[in-house]
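Position one of the sequence shown corresponds to residue 1 (the working numbering), numbered consecutively onward.
Ideal placement from N, C-alpha and C gives every residue a C-beta, glycine not left out.
Every value quoted in this text rests on a predicted model; they were computed, and no experiment measured them.
Comments concern the structure below.
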Amino acid sequence: MRSPLDLGFCPTRLAWLAERVGHAVEARHIPGAVMLLARDGEIAFERAWGYRNPADGTPMSSDSVFRLYSMSKPITSVATMMLVERGVWSLDEPVHTYVPAFAGLQVGVEVPDPGAPDGRRLMLEPARRDMTLHDLLRHTAGLTYGIFETSLVKDAYLAAGVDSRRQTNQQLLERLAKVPLACQPGETWEYSRATDVLGALIEQVTGRTLSAFLQEEIFTPLGMADTGFHVPAAQCHRIAEPFANDPDNGDPIKIADARTPPTFEAGGSGLVSTAHDYLRFMQMLANGGALGDVRLLSPHTVRWMTADHLGTIAHGPHYLPGDGYGFGLGFAVRLADGGAAVSGSAGDYYWCGLAGTYAWCDPARRLIGLWMMQAPNQRYAYWALARNMTYAALLD
């Protein structure tokens, strides 16, 4: 096993990173974290800080299990592209090919209305083109989450039960078909339930539950033994937990249950995993679609997924990839060395999760980084810290 220095990292600067995160734990700004850095397929840095369960003082460990939330999306996106490679479907196909109720969708446009309770009403206009599988992968489908602001379309989502954790994937499709789109398909990047729709479509075309497909086609082949839609009872002691209350504002922290098999296997937000499991997934991508003797995707498909697919498409008011990044098929993609407020290289790609997980791959630097914590309100600060101090420690 090569040392961090052999792999191009300055040990002193990695110690700065470890010390900085340690201070954050001591100050009770975050409960704990796990970080892995790999280069050329070897782990250069591995550290666990703080507490797996701050309520009882259980220390964090590298095998702790984290709720991935939206870091589930790259996995479901890979599953989607595996089916493209097998000729099951094509990205230019309309979604209504598989869900006829998605034909003739309408877009909700808010207009002033002095007679309405809040002075506005929802006007419907026809979608100018069909929603495609390509749109679902790059979040240009016209769907939304509505998590950043209130809107009449979001109100329609709530009224239809789209946000329910007790629905099935089939019920999600039925409910989404009855509510207006938030924007025209193909015209705006809008973060949404698009990857949940992909998960439901995977079930439909394969005849398997999403959990079964992911287990049989991705997790078992890659050796991701601790990844799935819930944590088995015998392993629940390994679940990483947040503080009971947010350290910045005192609000109670509400986080998904990871102990019970869910009714809704959400392809966009439902998975749990460990740092080492997710590293295996990212290493597969870094290797051009293969890990050891197992190949999930061709190198061309990985390059296709990790290239920008937005071009001149509008970013919308809440563009999560951030300045300097486009968006591919499940990942934010860096457009140039500059232009972003965090360190990185042109062509690096990443995605992240609401509770604080973050994964990135930098092909130019032969680097993979994993940051895992369960501290929703502190996530942006520590994602930036992890990236910036990683690149500060690189010597080439």
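Comparing alpha carbon positions, the residue from A341, M284, H300 closest to D293 is M284. Residue state for F243 is assigned as coil, using DSSP reduced to three classes.
One Cα belongs to V179, the other to S192, and the distance between them is close to 14 Å. Contact annotation: G356 and Q374 have beta-carbon atoms nearer than 8 Å. It is roughly 16 Å from the alpha-carbon of G330 to the alpha-carbon of L296.
Between the region 237-251 and the region 49-61 there are three or more inter-stretch CB-CB distances shorter than 8 Å, so the stretches are counted as touching. Each of G8, I218, G267 was checked against the Cα of L137, and the nearest Cα belongs to G267.
Taken in chain order, the complete beta strand (DSSP E) segments of 3 or more residues contained in the region 302-352 are 325-327, 332-334, 349-352.
Between the C-alpha atoms of E19 and R47 there is a straight-line separation of about 11 Å.
Looking only at S269, L201, I253, the smallest Cα-Cα distance to T97 is reached by L201. The C-alpha of M82 lies about 9 Å from the C-alpha of E217. A residue is called buried when at least 16 other Cβ atoms come within 10 angstroms of its Cβ; R165 does not meet this threshold and is exposed. Here the region 214-230 makes no contact with the region 181-195; the two share fewer than three CB pairs at distances below 8 Å. When DSSP states are grouped into helix, strand and coil, I368 belongs to the strand group. DSSP places Q170 within a helical segment (H, G or I) once states are collapsed to three. DSSP places M282 in the helix class (H, G or I) of the three-state scheme. The beta carbons of V111 and E125 sit no closer together than 8 Å. In the DSSP assignment, A359 falls within the unbroken beta strand (DSSP E) covering 358-362. Rounded to whole angstroms, the separation of the alpha carbons of Q167 and L210 is 14 Å. When the five nearest sequence neighbours on each side are left out, the beta carbons in the same chain lying within less than 6 Å of the beta carbon of M389 are those of L17, in order along the chain.
Shown here for G41: same chain residues with a beta carbon closer than 7 Å to its own, the five before and five after excluded, namely Q283 in chain order. Per the coordinates, the alpha-carbon of N245 lies some 26 Å from the alpha-carbon of L158. In this structure, the beta-carbon distance from S343 to Y278 does not fall below 8 Å. In this structure, S70 lies near S269, with their beta-carbon atoms less than 8 Å apart. Per the DSSP secondary-structure output, S273 pairs in a beta bridge with F66. At a Cβ-Cβ threshold of 8 Å, F213 and P261 do not count as neighbours. Distances from the alpha-carbon of G32 to those of A38, G8, S61, C10 put S61 closest. Its Cα nearest to that of F243, the residue T58 stands out among L320, T132, N287, T58.
Per DSSP, P94 lies in no beta strand (DSSP E) segment and is marked neither H nor E. In the displayed model, A55 falls within coil according to three-state DSSP, outside both helix and strand. Under the DSSP definition of a beta bridge, Q106 partners with P126. With a threshold of 16 other beta carbon atoms within 10 Å, R28 falls short and is exposed. M35 carries a strand assignment under DSSP once its states are collapsed to helix, strand and coil. Of the other Cβ atoms in all chains shown, fewer than 16 fall within 10 Å of the Cβ of Q170; this residue is therefore exposed. In the DSSP secondary-structure assignment, R295 is bridged to A290.
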